[in-house]
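Sequential numbering from 1167 applies to the sequence shown in our numbering.
Report on the structure given below.
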Amino acid sequence: MLSLLKPAALRLGITIFTGLLFGTAFLSAIDTAPLWRQALGGKINAYPAQGPGGAVYIIADNRAVHSINPLTGETQWRYRPGGKLLNTLLAAPDGTIYVQNDRQELFAITPGGTGRWKMLMQADAAALPAASPDGRLLVPLNSRRIVCVSRFGEILWSRDESAEASSAPAVDSDGNFWLPLTDGRILILNPWGNTAGEHSDSEPAAVLALDSQGKIWAGGIHGGVKALKFSADTLTEVFRTPIAGSRTAAILTNSSGGGLVFYQDGSVFEVSPTGKLRSLSKQAMSGGHPSQALDSTIFSPAADGSIQVTQLSGESTVLRTESVLAEPLLTEEGILIAGGDDWILYGWNIGVPPGEGWSQFRGTVQRSGSLFSERTLYSRAEARKHPGFLVREIMAQSSDISQQLALIAELESYKNELKMYRELPWANLLLQDMAANGTIRHPSLASGGIVREKTYTLIGRSLDFRMKDFLLECLKLENDPGALASGFLALGTLGTDTNGASIRLIAGKYRQFPLKNERLTLAAAAALAAIQRYNGTITDPAGYQLMEYLLSYGSSQKIRNEIRKLFQMKEL
């Protein structure tokens, strides 16, 4: 797997220093000659997206998805799902790439370039989809139906509205979907598909954006802009600008809660966190969406086919090729990438990464309609407001194993995870308590292996793939072979492993574990195979070493044949 991203703290320190040091002189340092060019075998009139593993994805010739190394332009793989592909590509936070075609089909592609699943949606897309930070996908259809799909290709819920989506939805850090409709309403749908809030307006929204303070910005079809905030089940309007006239083309937000609003007539306004306005110079945009660097430099697709590079001071330069350039992407490494109608993808070395807020089309480099959020667990303070949580919390934290097993039996009784999380939205907190007892919390505790074994299985079935990080921390300290086998399988069920952490944990823990048995061996192999299928590749070299060990001298011939079946290999 491609891994190019710098640690967040290092990235922030370097880029802030760069902006302060060079200021407006930064523009003169840009090399307007492309760093690389890559022919892709077809016209490129789509926007690129960058996955969490570092690779950049782009549709060429309306037929194939290409994976590109952003530093070199090298093609890593190409995948043809079938049909004419629409310009709806996004890279979800778990690494899945989603595209749609003209046959009403939705495709999920692995980071390794293999097809994971496809789904017939029964209607054309009304707007671009959005991916939540926990891995769910919301797809608005022109039949006025809204469909929420899991990363495994299961329809979690759907609902019919009285109007179609007026623009692409956005997803806040709590997993709520904000859905703008053509009748002027903006719905707030909670993760389970229920209406949590609603804002009505006479002007439908043409674009939504999020900011770092939790506000949702909505730019209208006639130019009005408002900021909304949803907290403690209360929806408030933070500000509304008096701007009216041209359609809102784009909104970019920054780390302080302010932003820039771009209009189709070329006008640009800077908006403070409280809604105060400052007019900036006009930009003759082509209709594409601009991107903003951490030092506030703007990269806009211009009407003449070039990319206009502008600082807030007004200083500007131009990136130009012999071709008309499509919507640009500023990658995490500071490479600006844009495709041309001459079948060539171009990359420029800008040297500064994207801004910290909603800094590009659909928010971030992933184009997912959300900002990254590490939050994986329901707030314990909020959970304690729910009837029934406190007694279950006491059971989960009890030293009496029978109490914990009774709670696990209740959680296991639900027919599916969606039903469980609808009724017990704080279930992950209970799982955290039971998995931590004997590992992260009280690691010297010898008892409780059976509780953790069952708990790990439930964690593996979680709708939120971000539970993986918590699971990894528990398994580092796990000494019970049955629980460890269950934990390996849970990592395989969760699937996502763009950074290779699951593979490294399984390989390292298995090789070092003194009490290897048949169950643990098969669990390690099954998890390795499941992670390979989900990601389309072995995500870390340690996985190849473990596979070689398991298939050679690490187990009996009988077990080796079972392992070969898991990897769809012929028996010996």
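Glycine included, every Cβ here is placed at the ideal spot set by N, Cα and C.
Please read all numbers here as calculations on a predicted model, not as lab measurements.
- Per DSSP, reduced to three states, the secondary structure at ILE1725 is helical.
- Nearest in C-alpha terms to ASN1701, of all of SER1668, GLU1728, ARG1730 and SER1718, is SER1668.
- Rounded to whole angstroms, the Cβ separation of VAL1437 and GLY1425 is 5 Å, and the two are in contact under 8 Å.
- Under DSSP, ARG1444 forms a beta bridge with GLU1436.
- Rounded to whole angstroms, the gap between the alpha carbons of ALA1375 and MET1633 is 26 Å.
- Burial of MET1287 is indicated by the presence of at least 16 other C-beta atoms within 10 angstroms of its C-beta.
- Close CB contacts of ALA1696 within its chain, under the 6 Å cut and outside five residues either way in sequence, are with GLY1658 (chain order).
- Within the region 1472-1543, the runs of beta strand (DSSP E) that reach at least 3 residues and sit entirely inside it are, in chain order, 1473-1476, 1482-1485, 1501-1505 and 1510-1515.
- Secondary structure at ARG1351: coil, using DSSP grouped into helix, strand and coil.
- PRO1647: member of the alpha helix (DSSP H) spanning 1647-1660, first to last residue.
- By the Cβ rule, the region 1236-1249 does not count as touching the region 1516-1528, because fewer than three pairs are nearer than 8 Å.
- Residue pairing from DSSP places CYS1314 in a beta bridge opposite LEU1304 and TRP1323.
- With a threshold of 16 other beta carbon atoms within 10 Å, SER1721 meets it and is buried.
- In this structure, the CA atom of LEU1712 is about 6 Å from the CA atom of ALA1673.
- For TYR1622, the enclosing alpha helix (DSSP H) starts and ends at 1615-1626.
- Measuring C-alpha to C-alpha distances from PRO1200 to each of LYS1209, GLU1327, VAL1313 and GLY1505 identifies GLY1505 as the nearest.
- Per DSSP, the continuous beta strand (DSSP E) segment holding PHE1273 begins and ends at 1271-1275.
- With respect to the 8 Å criterion, GLY1441 and ILE1417 are not classified as neighbours on the basis of their beta carbons.
- Within the region 1346-1423, the runs of beta strand (DSSP E) at least 3 residues long that lie entirely inside it are, in chain order, 1352-1355, 1361-1365, 1371-1376, 1381-1386, 1391-1397, 1400-1406 and 1414-1419.
- If you compare the alpha carbons of LEU1322, GLN1570, PHE1273 and PRO1259 with that of ASN1582, the shortest gap goes to LEU1322.
- Here THR1664 is not near ILE1725, since their CB atoms are 8 Å or more apart.
- At the C-beta level, PRO1346 and ARG1302 stay beyond 8 Å of one another.
- Burial check for MET1735: the Cβ neighbour count within 10 Å stays below 16, so the residue is exposed.
- Just so you know, the alpha carbons of ASN1594 and LYS1551 end up roughly 16 Å apart.
- When the five nearest sequence neighbours on each side are left out, the beta carbons in the same chain lying within less than 6 Å of the beta carbon of THR1476 are those of ILE1464 and SER1482, in order along the chain.
- Within a 10 Å sphere around the beta-carbon of ASN1420 sit 16 or more other beta-carbons, which makes this residue buried.
- Across the structure, THR1703 and ASP1461 are spaced so that their CA atoms are roughly 36 Å apart.
- For the pair SER1539 and PRO1707, the CB atoms are not nearer than the 8 Å cut-off.
- Residue pairing by DSSP places PHE1428 opposite ALA1416 and VAL1434 in a beta bridge.
- Between ASN1253 and ALA1212, the beta carbon gap of about 5 Å places them in contact (Cβ cut-off 8 Å).
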